[in-house]
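Numbering (this note's numbering), first residue to last: 37 to 148. For reference, the structure discussed in these notes is given below.
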Amino acid sequence: MKKIEAIIRHFKLEEVKRALVGCGISGMTVTEVRGFGRQKGRSDVSHSGEYAAEFLPKLKVEIVVRDEQLDEILDVLIRTARTGQIGDGKIFVYDLARVVRIRTGELDEAAI
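Written out as structure tokens, the structure is:
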């Protein structure tokens with residue numbers, strides 16, 4: 037099993053969610069996050085002068101998939117979250133040792 041964390045732009049969430057549900061993903065966690073990558077944030081100008089916004093708002097989408105789903109889900113995430121502009125985000129993939137559904141006690145793939 038794999039855990040996928042995708043850092044995406046806010047306005048891409050609905051498109052990403054629809055595509056993942058269309059691939060059979062039945063659950064996900066979405067968290068509002070702030071951060072920066074290579075672009076080091078951005079500078080904006082307001083009426084009070086220039087300021088640096090070092091941490092940009094993004095969303096973190098977390099899903100757990102079976103190993104055989106990984107490539108398909110990564111392809112869907114890349115295709116639907118991409119705008120082609122700097123700041124589109126990143127995807128991180130982690131190996132999972134154990135998953136437990138608290139309500140039933142089901143383990144691993146049965147708990148996904």
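Glycine included, C-beta positions come from ideal geometry on N, C-alpha and C.
In three-state DSSP terms, what is residue i?
{"i": "T65", "result": "strand"}
{"i": "G58", "result": "helix"}
{"i": "D124", "result": "coil"}
{"i": "R115", "result": "helix"}
{"i": "L92", "result": "strand"}
Do residue j and residue i have their beta-carbon atoms positioned less than 8 Å apart in this structure?
{"i": "L49", "j": "V66", "result": "yes"}
{"i": "I99", "j": "L110", "result": "no"}
{"i": "K53", "j": "L132", "result": "no"}
{"i": "K96", "j": "E41", "result": "yes"}
{"i": "E108", "j": "C59", "result": "yes"}
{"i": "I44", "j": "G123", "result": "no"}
{"i": "A55", "j": "V112", "result": "yes"}
Could you tell me the alpha carbon to alpha carbon distance between residue i and residue j, rounded to whole angstroms?
{"i": "T116", "j": "A146", "result": "28 Å"}
{"i": "V129", "j": "E104", "result": "13 Å"}
{"i": "V81", "j": "Q121", "result": "Because the pLDDT of V81 is 49, which lies under 50, any placement of that residue in the model is unreliable, and the number read from its coordinates should be weighed accordingly. Approximately 21 Å between the Cα atoms of the pair."}
Going by Cα to Cα distance, which pick from the options is closest to residue i?
{"i": "L143", "options": "D124, V112, R102, R118", "result": "R102"}
{"i": "I61", "options": "V69, L106, F72", "result": "L106"}
For residue i, which beta-bridge partners are listed by DSSP?
{"i": "E108", "result": "Partner(s): none; E108 has no beta bridge."}
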